[in-house]
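Residue numbers for the sequence shown follow full-length UniProt numbering, beginning at 1 and rising by one.
All C-beta atoms, glycine included, are put in the ideal place defined by N, C-alpha and C.
What follows is a short report on a single structure.
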Amino acid sequence: LWDLCFSPDGSKLVTVGGNRVYVFDTSAGTLIQSLKGHTNNVVCTTFSKDGQLFASGSIDKSVIIWNAKFEGILKYTHDDPIVCLAFNPTKSLLISGSCNDIGFWSCDENKVNKCDQPGRVTCCSWTNDGQFVAIGCYNGVISIRNKMGEEKVVINRGQACPIWSIAWSPETENTDVLAVADWSQKLSFYQLSGKLLYKERDLGFDACFISWYGARGEFILIGGSNRKVNLYSKEGHFLTMIVEKQSWIWSAKKSPNSEFLALCGQDGCLSLQNLQIAQVHNYYRDRYTYRDNLTDVIVHHLLTDKKIRIKTKELIKKVALYQNKLLIQYSDTFLVYESPADNALSLQYKHCNKFNKKIDATIVMICSCNIITIIDRQITSLSFDGTRQNDWLLDSQVRYVKVVGGPIGREGLLVGLKNGKVMLIFLDNSFPVLLLTINGIVKGLDFNANRTLLAIVDEHNTCLVYDVRTKELLYQEPNANSVAWNTCFLEMLSFSFNGLLSIKSGNFPIQQQKQQGFVLSFDGPRIYCLTKTGVTNVAVPYSAILYQYIEKKSFKDAYKIGCLGVTDDDWRFLGQQSLENFDFEIARKSFVQIREIIYIDLVLEIEERVRRGEKNKKVILGDILALQGRYEEAADSYKAAGQPSKAIEMYTDLRMFNMTKDLLADDDGSVDKRALMSKQAAWATSLNDLKSAAEMYMSAGEMGKAIDIMGHNGWSDMLIEVTRKLDKGDRTNLLKCANFLKALKQYAYAAEIFENTGDIASLVKLQTETEMWDEAIETAHKHPEFKKEIHYAHAIWLAEKDLFEDAQKAFHKAGKEQEAILVLEQLTDNAVLEKRFQDASYYHWLLSMQFLDSAATAKKQTDLLKKFNEYQRKADIYYAYHVIQRRVEEPFTFHSQDSLFNISRYLTNRLANESLLGVSKVYILYTLVKQGRHLGAYKSARQAHEKFRSLLVPPMLQTLIDVDCLCIKSKPFNDAEELLPVCYHCSSTNPLLSKHGNVCVNCKHPFVFSFVYFETLPLIEFKLEDGLTDGEAMSLLELEAPQHSGKTVNRKRKDSKSGFDDDDDSNDGGDDEDDNGDDFCILEYLSSSKSTKAKPVVVNRNHLKKLSLTDVIICKWKNPLHFRYYKIAFTDVPIVKCDSCNRMFLKDDYELLMLQYGKCPFCRKAMEQQVQ
């Protein structure tokens, strides 16, 4: 028989021999059919993945495709004998190999595509995904082709290495691995890329087949001329021999759905072997170790569910665990590992000992410094270096053994024999100790924690429990195949049988639950059971067992059971039952477990009462029953103890007043009925019957509680009624009523109570909080000690209402000038940050006036006046900048091009050498450039544009500025003459932009602007000579100016830009019959024309007599500032001044704004106030 294959479902086995194809039924082992069709020896066969087709190849050069009904549906031939066949694992694509070529047949195309293959083909194998096929040749070449037959990779092992068998690993997660066996007696592994994967292994024989074993390719089966089937690891390490025959074995394959191994060989014999891999494992308490993939050891910490893998390359025969020691036995070697002894959770095992010795023991165990081997009835103790230390030859075969602990080197072994004896062997004692003997074979053993009880499982699956000291059989339970005592409770054990897990404690009935597997250990609240898939951690429900001990009134044992794991309700029940039975220690411990503070306090109180000598258990029991809610029983217990008052107190606290009334009928008058009424009121409160509760509190005399209820519920009428009933000396309750009435917005009543009780502070607080300012100010007159507080609160309220002037007066009355300034500064900063520049200007002006008022009474006026001037300047700038900012950021404006140009020029000159928070020079210059281009101020626009180089321009304006620049550069470098400002003092023409600011470049006198559209006003400032007061000057100006005769009084001569006539005679202030008296200005100008600083005109009394009040504008500043005087150069230009802020305006513009807004555009003084 040359080859065989299983159907995908494993139900059929096809083998070939002679010129026949044989089909067998694997379940019955019978021949289904012998197929004919070939004329010579058939040497290869293969099944398709779906099981619908299988193929056979013969030396007669033909390939026959058979269907599931064993009918030949297709036959095709090669030029040479067929040597190998393989179906693609993903589709019905068959590759057939002959001596010199290969063919691909597909049921979809129903044709054969052939390819030449240099060298004699010997074997072939598809990858798992069916994308590539490897073809082995006798010349040592391995060709890897795709499913189209195209060669992708060539592996050449040389002429001395004829390839006879190849197979791809079934593992799909990692790289495809090709196992290659050649007749140079080598085993090698390659990746799909042709790279050698592992080191080549010597086989020692000519391999006729190679087959992967395991779903993930964990092992390899190889056989051939050695007449054996050997098992190797997936890296090629020899593990063990599986089958041995009398002749060469040509093929061996595992069934897809069972552990059967089919093999055929030279002797023509087909055999089916049941291949079972025995489970090698061991456990110790919460650790379980087992063999994995025959060569690895896994240690599983059951408590933390962590695992560690120890990898080896040899077949592991036995493993053993004890404490922190791990033993691994190979065929001729023992290895000892240990983990840190000071860390119970550590899984870091390190190799510590090794010795070589071949021992075919049935059981191997390890202790702290010994290795125990058991062969039949002989037990041998070895040291970690392999030295024999002791032997025990028993009188029957050992069936079960367990290490039960002990001192180091003196551990005890609990041994069960086939003849029913149970022995205890100590490693330092050569003589075994017979514990007892049973009738039957011992299958399982275990000691309880203190070795007083012994559990035995016999051959009849009966669990027998003995007292070790008396050898008495305590009880027995059927249906047990394994047993384990609880390590934390001496009387509890667990055993399992047929999917049932049983737990028995003491002499109580057993508790059962469904659980597959064998019991390994019983560790406190957990049972570890060994199942087919591993070790399962089973949580044990202890509630039923707990109630068994409580029913028996064994509270100490019940507490131990509870510590293994029960619910809070179970703890509570245990605590209550032990408390009712006066076991206070167990009760307190039980309640501590669930943090029942109320019960803990009760237990501690009762213990203290008992220590003080209280012996009336009925009273104590009544307290316990009352806390549990068993009130009738508690009342009966109190009455039985002769203390019915405690029952009344209990019912009163519980608001069970009907029960209280029944008990009061028998009362002797010792109960305080007012206290009962108060408690009844509290109960009515809890039932939300608040009106009844308030009335009950009033009846009980607890007016404070009644007032609280009325106030919290908003019953103002009841509060007013109570206020009238209260005694005037009950100040506490009266104030409480007042506060509630205040909260209920009954301010008049609250104020009356505050005033009657003399609580003026609360009265003031009420009036200020409710904005009753008239009443508050009246209170301030009556009680001057609260004057500052009232005016300060009034000032803050006025400031919040934007009534800043009134607020400042109030701050002054409160003596809080600094607070007034702080409020205004905060408002100013917010206005700037929020881009409300008109408001910022107004707030700056208010601040400046505040500093001017302070300077009037201050000793050091210099700093205050500096701040006054600074804030005046900022107010002017923000006022003008408001127009520019709105023009740039908003689409529409009512300002003309002239006014925008004037404002931007004013700001540019004003901010030539400084910057101001919130003021964008880019906006100002952009407006100046844009409007200058439209009005013909090209020179100034170009000069302004040059300043952009030192500024950060917003992206939204960059393009517009660039366009304006290009337009301006195409214009002449000059400004329109009509735009150039003329100084009315020296008649000089000035440039539009000046680095000196808004002053004349010649005489340095400042320009005066109209604060609407910022035109230059025809005003000339003059000052009074020394010794001339403002009052005297006003009197002189109010005098009627003298009438001059002839042309000397002709006012038309005032066409001069100076505003005064050309003649001046000021020698003695006498009559000037031939002049108009104004020529003194020319002399002053000539005397100061060479000065670099502004020097205003100084006038004397004679000059003032010659001037009319209608020709002069007087800015009347508060003390300590002097008045400022301006001469109108052109009387035909009507100019007005705001008496509040002293800003100048063209009359028409000012009147229009006053009619439109009713107030000054700069200081916001109302029209009515201006008139006044």
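Straight across, the Cα-Cα distance linking residue 306 with residue 254 is about 34 Å. Linking residue 831 to residue 840 through their CA atoms gives a straight-line distance of about 5 Å. Put simply, the backbone Cα of residue 640 is about 27 Å away from that of residue 586. Per DSSP, residue 1160 lies in no alpha helix (DSSP H) and is assigned neither H nor E. As a beta-bridge residue in DSSP terms, residue 492 pairs with 505.
Here residue 929 is not near residue 877, since their CB atoms are 8 Å or more apart.
Residue 389: member of the beta strand (DSSP E) spanning 388-393, first to last residue.
Note on geometry: alpha-carbon atoms of residue 58 and residue 46 lie some 13 Å from one another.
In this structure, residue 179 keeps its C-beta atom at 8 Å or more from the C-beta atom of residue 124. Taking the C-beta atoms as reference points, residue 329 is found no nearer than 8 Å to residue 339. Here residue 219 has 213 and 231 as same chain residues with Cβ atoms under 6 Å from its own Cβ, once five neighbours each way along the sequence are excluded. Residue 268 holds the alpha-carbon nearest to the alpha-carbon of residue 245 among 885, 858, 268 and 1101. The three-state reading of DSSP puts residue 295 in coil, since its state is none of H, G, I, E or B. As summarised for the stretch 356-422, the continuous beta strand (DSSP E) elements at least 3 residues long and confined to that stretch are 363-366, 371-375, 378-382, 388-393, 398-403 and 412-417, given in chain order.
The Cβ atoms of residue 239 and residue 247 lie no closer than 8 Å to each other. Leaving aside the five residues that flank residue 786 on each side, the residues in its chain whose CB is nearer than 8 Å to its CB run, in chain order, 760, 761, 764, 779 and 780. For residue 458, the closest of 467, 438, 1009 and 56 by C-alpha to C-alpha distance is 438. By the neighbour-count criterion, in which a residue is buried when 16 or more other Cβ atoms sit within 10 angstroms of its Cβ, residue 931 is buried. In this model, residue 321 and residue 365 are separated by some 7 Å (Cα to Cα).
With contacts defined by Cβ atoms closer than 8 Å, residue 168 and residue 127 form a contacting pair. Within a 10 Å sphere around the beta-carbon of residue 460 sit fewer than 16 other beta-carbons, which makes this residue exposed. Taking every protein chain shown into account, the CB of residue 925 has 16 or more other CB atoms within 10 angstroms, so this residue is buried.
With distances taken between CA atoms, residue 84 lies nearest to 16 out of 651, 567, 331 and 16. Considered as a whole, the stretch 283-335 harbours 287-292, 296-301, 306-311, 318-322 and 325-329 as its complete beta strand (DSSP E) runs of no fewer than 3 residues, in chain order. Residue 493 sits close to residue 504, with the two beta carbons spaced by under 8 Å. Apart from the 5 residues on each side of it in sequence, residue 297 sits with its Cβ closer than 8 Å to the Cβ of 289, 290, 291, 309, 310, 312, 316, 319, 326 and 328 in its chain, given in chain order.
Between residue 1143 and residue 1011, the CB-CB gap stays under 8 Å. Looking only at 201, 224, 204 and 205, the smallest Cα-Cα distance to residue 211 is reached by 224. Within the stretch 802-865, complete beta strand (DSSP E) segments of at least 3 residues are not found at all. Residue pairing for residue 153: DSSP places it in a beta bridge opposite 144. Secondary structure at residue 1166: strand, using DSSP grouped into helix, strand and coil.
Looking from the CA of residue 901, the closest CA among 912, 884 and 373 belongs to 884.
Residue 1144 carries a strand assignment under DSSP once its states are collapsed to helix, strand and coil. Of the candidates 1125, 542, 102 and 961, 1125 places its Cα closest to the Cα of residue 1108. The beta carbon of residue 358 sits closer than 6 Å to the beta carbons of 332 from its chain, once the five residues preceding and following it are set aside; these are given in chain order. The beta carbons of residue 575 and residue 596 sit about 7 Å from each other, so the pair counts as a contact at 8 Å.
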